[in-house]
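Peer 1:
There are 2 protein chains.
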Amino acid sequence: MTEADRKTWQAVQDEVRRYISARIWKPGELIPHEAELALQFGCARATVNRALRGLAEAGLLERRRKAGTRVALNPVRRAAFSIPIIREEIESTGQRYGYKVFLREMRVPPPDVQARLQLSGADKILHLQTLYTADNRPYVFETRWINSIAVPDVLNADFDMLSPNEWLVREVAFDGGDFTVSGVAATREEAAVLACKPGEGLLVLERTTRQGDNMITAVRLLFHPGYRMHTRC
Amino acid sequence: MTEADRKTWQAVQDEVRRYISARIWKPGELIPHEAELALQFGCARATVNRALRGLAEAGLLERRRKAGTRVALNPVRRAAFSIPIIREEIESTGQRYGYKVFLREMRVPPPDVQARLQLSGADKILHLQTLYTADNRPYVFETRWINSIAVPDVLNADFDMLSPNEWLVREVAFDGGDFTVSGVAATREEAAVLACKPGEGLLVLERTTRQGDNMITAVRLLFHPGYRMHTRC
DNA sequence: CAGTGGTCTAGACCACCGG
DNA sequence: CGGTGGTCTAGACCACTGC
C-alpha cells in the first residue's frame with residue numbers, strides 16, 4: 000500500500016487472480032468496481048480495466064455494465080486449441096515433412112460439402128486427396144474441396160512443391176472459418192492409406208474457410224492413430 | 000477522411016481487416032506504424048494500439064518492437080473451442096439432463112493418471128464413473144479421478160443431486176488445467192455403456208485441472224457416437 | 001435514472017531489439 | 001543508438017441496464 004511501485008496491469012491481474020484463487024472473492028460474488036480497485040491498487044482506472052478485461056476474456060470474471068463484475072461460477076470454460084499447421088508441427092519435432100497428392104480431379108462434391116461451400120446443384124469443383132508424412136510415416140490424410148469457381152487460379156496450381164494448404168494461404172486472404180473435431184473409426188481404405196488397422200479410432204478435424212462471403216475450401220483431416228490435440232490454460 | 004466521426008477501435012480494426020482482406024497489405028508485409036495510422040485514421044495512438052493488439056491476438060498480425068507490424072503469413076491459426084459444460088450443453092438443446100454414478104471407489108490410479116495428478120506411488124484416491132444422459136439416451140461417459148488427498152471433503156460429498164463436476168466447481172477454485180482431444184474406437188464395455196456398437200469411432204476429451212500447484216482432478220469424457228465439438232472464427 | 005463498465009484522448013515514459 | 005510497440009495516467013464522455 001505504501002509502496003510507490005508502478006503498478007502494471009499484469010500485477011493487478013495477478014493480484015486479482017490470487018484473490019479469486021484464495022476464495023477471498025468467491026464464485027458468483029460481486030467484486031469492487033473499477034474506480035474502487037484503482038484506489039486500492041494505487042493506479043489508474045484504465046489499468047484496472049485492462050486487467051479485468053483480460054480475466055473476463057479468459058472466463059474468470061463476468062462483467063456487465065451497471066451490474067458490476069462477478070467471479071465466474073464456471074471458470075476455465077474455453078480453451079484455445081491452436082490449429083495445427085502440418086508442416087510446422089512435423090518439422091518442430093525434428094521429423095522430415097513430406098506429402099503426396101493421391102488424387103486430383105474435378106467433381107461434384109457430396110451434399111454436405113456442397114452445403115458447407117454454399118454451392119448450387121451440379122457445380123464441379125477441385126477435389127484433392129493428400130497424405131502428409133513425418134519421416135515417411137503417414138501423419139494425416141487430407142481430403143480437400145476447393146471452390147475453384149471462386150478461385151479459378153487454383154486449376155493451374157502446381158502442387159509439387161507447395162501443398163494445397165500452403166498454396167491457398169499464399170494466394171487467398173482468409174478471414175474466417177469454422178472447425179469441427181470428432182472421432183471416427185478407420186474404414187478399410189483409410190486404414191490402408193494411414194497404414195493402420197481398419198476400425199482404429201482416429202481424430203478428425205474438419206475446417207471450412209472463407210474470404211468475405213466466399214466459401215473457399217472445405218477440408219477434412221484424418222490423423223494417424225494416437226494423434227492428440229493438446230492445449231494448456 | 001474529411002469525416003469528423005468518432006473513431007472507435009472496432010472501426011479501426013474493421014478498416015485494417017479490410018486492408019488485409021483486400022490484399023492492400025499483403026501477407027508478410029510491413030504496415031505503417033501506430034503513430035502514422037493514428038494520423039490516417041484521425042484518432043489517438045492508443046486506439047490504434049487497441050485495434051492492432053486485438054488482431055495480433057487473433058493471429059492476423061505479427062508485432063515486434065522496433066521491427067514493426069506485419070501481416071501474418073499464416074492467419075487463422077488458433078481457434079477457441081469452448082469446453083462443454085455437460086448440463087448446459089444438454090439443456091440448451093431442450094433435452095432432459097440426467098446422470099448416473101456407476102462406480103465410486105478408492106483405488107490406486109493407473110500410471111498415466113498418477114503422472115497427470117503428480118501422485119506418489121501407492122496413494123489411493125477417489126475414482127468415479129458417471130454416465131450423463133440427454134432424454135435418457137447416453138450422452139457422455141465420464142471417468143474421473145479426484146485427488147482426495149488435496150480435497151478430502153470430497154469423500155463426504157453426496158453426488159445424488161450434484162454431479163462430480165458441479166460439486167468440484169462449487170467447492171474448488173480452479174485456476175488452470177490442460178486439455179487433450181483424440182479419437183478412439185469404442186471397447187466392448189464402453190459400447191455397452193454408451194449403447195453403441197463396439198468399434199465405433201468416438202471423441203475423447205481429457206482434462207486435468209489444478210488449483211495453484213495442486214493437481215485436483217483428471218477426467219476422461221467419452222462422447223456418444225456422432226458427437227462433434229464445433230467452433231467458428 | 002443513476003451506477004457501472006466501455007472507450008477515447010493527449011501526453012508521457014519505458015522496454016525491447018534491429019541495424 | 002534510435003525507432004517501434006507496450007503501457008500508464010488523468011480526465012472525460014458514453015452506452016448499457018438494473019432498480
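Residue numbers (numbering that gives the first Met the number 0), protein chains in the order written: chain A, 0 to 232; chain B, 0 to 232.
C-beta: ideal position from N, C-alpha, C; glycine also.
Only a predicted model underlies this, so the values are computations on that prediction, with no experimental measurement involved.
To the nearest angstrom, how far is the alpha carbon of ARG187 of chain A from that of LEU193 of chain A?
Peer 2: Using only the alpha carbons, I get a separation of about 10 angstroms.
Peer 1: Could you tell me whether the stretch 6 to 20 of chain A touches the stretch 33 to 41 of chain A, where touching means 3 or more Cβ pairs closer than 8 angstroms?
Peer 2: Yes: at least three Cβ pairs fall under 8 angstroms.
Peer 1: So, for LYS25 of chain B: in the same chain, excluding its five sequence neighbours on each side, which residues have a beta-carbon less than 7 angstroms away from its beta-carbon?
Peer 2: Hits under 7 angstroms: VAL70.
Peer 1: Is LEU102 of chain B near the ligand COA - that is, is its Cβ less than 6 angstroms away from at least one heavy atom of it?
Peer 2: Among the components modelled here there is no ligand, and therefore nothing to report on the ligand COA.
Peer 1: Contact criterion: CB-CB distance below 7 angstroms. Does ALA55 of chain B meet it with respect to chain A?
Peer 2: Taking Cβ atoms only, chain A never reaches closer than 7 angstroms to ALA55 of chain B, which makes this a no.
Peer 1: Which of the three DSSP states, helix, strand or coil, is assigned to PHE158 of chain B?
Peer 2: Note: PHE158 of chain B maps to coil in three-state DSSP.
Peer 1: If the cut is a Cβ gap below 7 angstroms, which residues of chain A does GLU199 of chain B touch?
Peer 2: The contacting residues are ALA184.
Peer 1: Just to confirm, are GLU56 of chain B and VAL47 of chain B a CB contact at a threshold of 7 angstroms?
Peer 2: For GLU56 of chain B and VAL47 of chain B, no; Cβs fall outside 7 angstroms.
Peer 1: Tell me the DSSP secondary structure of TRP144 of chain B in three-state form.
Peer 2: Residue state, collapsed to three classes: strand.
Peer 1: If you measure beta-carbon to beta-carbon, which residues of the stretch 69 to 86 of chain B are closer than 8 angstroms to chain A?
Peer 2: From the stretch 69 to 86 of chain B, only LEU72, ASN73, PRO74, VAL75, ARG76, ARG77, ALA78, ALA79, PHE80, SER81, ILE82, ILE84 have a Cβ closer than 8 angstroms to chain A.
Peer 1: I need the boundaries of the alpha helix (DSSP H) containing LEU260 of chain B, first residue and last residue.
Peer 2: Because chain B in this structure spans residues 0 to 232, residue 260 of chain B falls outside the shown range and cannot be described.
Peer 1: With a cut-off of 8 angstroms on the beta carbons, I'd call ARG16 of chain B and ASP174 of chain A a contact; round off their distance for me.
Peer 2: Rounded, the Cβ-Cβ distance is 7 angstroms, consistent with contact.
Peer 1: Alpha carbons only, please: which of A:SER81, A:LEU29, A:PHE80, A:PRO109 is nearest the one belonging to LEU59 of chain A?
Peer 2: Measuring from the Cα of LEU59 of chain A, the nearest candidate turns out to be A:LEU29.
Peer 1: Since PRO108 of chain A contacts HIS126 of chain A with CB under 8 angstroms, what's their CB separation in whole angstroms?
Peer 2: That pair is a contact at about 7 angstroms.
Peer 1: Interface residues of chain B around ALA172 of chain A at Cβ under 7 angstroms?
Peer 2: Here the neighbours are ILE19, SER20, ARG22.
Peer 1: Note down, in chain order, every chain A residue with its Cβ under 9 angstroms from the Cβ of ASP177 of chain B.
Peer 2: Correct list: ALA78, HIS229, THR230, ARG231, CYS232.
Peer 1: Can the beta-carbon of ARG219 of chain A be found closer than 7 angstroms to that of GLU205 of chain A?
Peer 2: Closer than 7 angstroms, so yes.
Peer 1: On the three-state DSSP scale, how would you describe THR186 of chain A?
Peer 2: DSSP places THR186 of chain A in coil when its eight states are reduced to three.
Peer 1: Residues bridged to PRO137 of chain B by DSSP?
Peer 2: DSSP output for PRO137 of chain B lists B:THR132 as bridge partner(s).
Peer 1: Looking at the structure shown, is GLU2 of chain A part of a helix, part of a strand, or coil, going by DSSP?
Peer 2: Confidence is the limiting factor: at GLU2 of chain A the pLDDT is only 43, short of 50, which leaves the residue's position unreliable, though a coordinate-based value still follows. In this structure, GLU2 of chain A counts as coil in the three-state DSSP scheme.
Peer 1: In three-state DSSP terms, what is VAL203 of chain B?
Peer 2: Strand, per DSSP.
Peer 1: When you compare the CB positions of ILE215 of chain A and VAL180 of chain A, do they come within less than 7 angstroms of one another, or not?
Peer 2: Not closer than 7 angstroms, so no.
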